[in-house]
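Going down the list, the sequences are from chains A and B. Position in the first sequence (from 1) plus 655 gives the number in this note's numbering. Position in the second sequence (from 1) plus 62 gives the number in this note's numbering. All C-beta atoms, glycine included, are put in the ideal place defined by N, C-alpha and C. For reference, the structure discussed in these notes is given below.
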Amino acid sequence: KNQVEQSPQSLIILEGKNCTLQCNYTVSPFSNLRWYKQDTGRGPVSLTIMTFSENTKSNGRYTATLDADTKQSSLHITASQLSDSASYICVVSGSSGGSYIPTFGRGTSLIVHP
Amino acid sequence: NAGVMQNPRHLVRRRGQEARLRCSPMKGHSHVYWYRQLPEEGLKFMVYLQKENIIDESGMPKERFSAEFPKEGPSILRIQQVVRGDSAAYFCASSPQASGSSYNEQFFGPGTRLTVL
Chain A
656 KNQVEQSPQS LIILEGKNCT LQCNYTVSPF SNLRWYKQDT GRGPVSLTIM
706 TFSENTKSNG RYTATLDADT KQSSLHITAS QLSDSASYIC VVSGSSGGSY
756 IPTFGRGTSL IVHP
Chain B
63 NAGVMQNPRH LVRRRGQEAR LRCSPMKGHS HVYWYRQLPE EGLKFMVYLQ
113 KENIIDESGM PKERFSAEFP KEGPSILRIQ QVVRGDSAAY FCASSPQASG
163 SSYNEQFFGP GTRLTVL
């Protein structure tokens with residue numbers, strides 16, 4: 656069964672600090688892994704996408720890593736801002752009869768305090 | 063270029079009534095996906111549609127739920143005889159190409175929050 660597990664479930668940090676969110680998956684065969692940011696009351700917005708051959712991908716203060724051997728990914732946020740407060744969702748796409756239906760993690764709820 | 067639009071944003075229904083949720087994909091997108099998000103839960107895939115075709119409905123409950131994406135007009139997710147357990151946020155996403163492309167991003171709408179009294 657395809658699964659995506661994220662940790663921690665929630666995280667509170669002070670503005671300006673760094674943090675790292677984790678994602679473990681069992682989706683097979685693997686196609687790609689995305690990190691989304693979901694603000695309260697809104698739909699998810701894609702931050703990064705990584706395929707099997709990519710180890711690191713950056714998007715501003717967000718840096719995602721992927722270890723396809725251990726099936727782990729992380730999202731590192733540098734110099735956090737109040738606007739980073741949101742849910743961060745790890746989404747892994749596999750292949751099922753040619754239709755790449757993604758599996759979503761439950762998300763990590765990040766709160767950045769001033 | 064407007065993003066994915068969903069309406070209504072909030073919908074309240076009494077048990078036994080019907081709920082109709084609409085999704086207009088981004089311009090040029092012909093692939094639509096519906097997801098359900100329960101409180102404190104991750105998004106769960108429901109159905110994947112192209113114009114006039116249901117491609118994958120493996121996540122859709124077998125009874126009371128149906129989806130369509132007609133040649134003209136928005137995609138509709140229909141829930142008949144709603145029950146309290148149907149209360150959730152329903153998100154629609156669209157993409158320009160088939161989901162099989164690794165770099166084919168799904169763009170999400172703002173969601174419809176359904177409350178069943």
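### Message
Using CA atoms only, rank isn't needed, just tell me which of A:ASN673, A:GLU670, A:VAL700 is closest to ILE637 (chain A).
### Response
One cannot answer for residue 637 (chain A) here, as it falls past the ends of chain A, which runs 656 to 769.
Chain-order list of residues whose beta-carbon lies under 6 Å from that of LEU676 (chain A) (same chain, five-residue window excluded)
Within the same chain, LEU676 (chain A) has close Cβ partners LEU730, TYR743, THR763.
- Task: May I ask you to list, following chain order, the residues of the region 700-714 of chain A that have a beta carbon less than 8 Å from some beta carbon of chain B?
- Result: Within the region 700-714 of chain A, the residues whose Cβ lies closer than 8 Å to any Cβ of chain B are, in chain order, VAL700, SER701, ILE704, THR706.
Discussion item. At the 9 Å Cβ level, is PHE127 (chain B) part of the contact set with chain A, yes or no?
Written reply: Residue contact check for PHE127 (chain B) against chain A: no CB pair falls below 9 Å.
Practice item. Take the Cβ of VAL746 (chain A) as the centre, count every other Cβ of all protein chains shown within 10 Å, and call the residue buried at 16 or more, exposed below. Key: With 16 or more neighbouring CB atoms inside 10 Å of its own CB, VAL746 (chain A) falls in the buried class.
Burial state of PHE759 (chain A) (16 or more Cβ within 10 Å)
In this structure PHE759 (chain A) is buried. Its beta-carbon is surrounded by 16 or more other beta-carbon atoms within 10 angstroms.
How is GLY749 (chain A) classed by DSSP in three states: helix, strand or coil?
-> For GLY749 (chain A), the secondary structure class from DSSP, reduced to helix, strand or coil, is strand.
_Beta-carbon spacing of GLN79 (chain B), SER92 (chain B) below 9 Å_ = Note that the C-beta distance between GLN79 (chain B) and SER92 (chain B) is not below 9 Å.
Looking at the strands, I want to know which residues DSSP matches up with LEU737 (chain A). DSSP, once it has assigned bridges, lists no residue as partnering LEU737 (chain A).
Per the DSSP calculation, LYS692 (chain A) is bridged to which residue(s)?
Answer is A:VAL700, A:TYR743, bridged to LYS692 (chain A).
* Just tell me which of B:LYS133, B:GLY171, B:PRO158, B:LEU73 has its CA closest to the CA of ARG140 (chain B). => Minimum Cα distance to ARG140 (chain B) is reached at B:LEU73.
My understanding is that GLY46 (chain B) touches CYS85 (chain B), with C-beta atoms under 8 Å, so please give their C-beta distance in whole angstroms.
Here chain B covers residues 63 to 179 and nothing more, so residue 46 (chain B) does not appear.
Could you name the residues that DSSP lists as bridge partners for ASN710 (chain A)?
For ASN710 (chain A), which the question treats as bridged, DSSP gives no partner whatsoever.
Practice item. Could you please give the first and the last residue of the uninterrupted beta strand (DSSP E) stretch that includes PRO757 (chain A)? Key: PRO757 (chain A) -> beta strand (DSSP E) spans 757-759.
For chain B, is any of its Cβ atoms less than 9 Å away from the one on LEU756 (chain A)? Inspection of the sequence shows that residue 756 (chain A) is occupied by Ile rather than by Leu. The Cβ of ILE756 (chain A) sits closer than 9 Å to at least one Cβ of chain B.
How many angstroms separate the CA atom of ASN69 (chain B) from the CA atom of LEU83 (chain B)? Rounded to whole angstroms, ASN69 (chain B) to LEU83 (chain B) spans 6 Å at the Cα level.
task = Report the three-state DSSP secondary structure of ARG82 (chain B) (helix, strand or coil).
result = Correct three-state label for ARG82 (chain B): strand.
### Task
With DSSP as the reference, label ARG71 (chain B) as helix, strand or coil.
Correct three-state label for ARG71 (chain B): coil.
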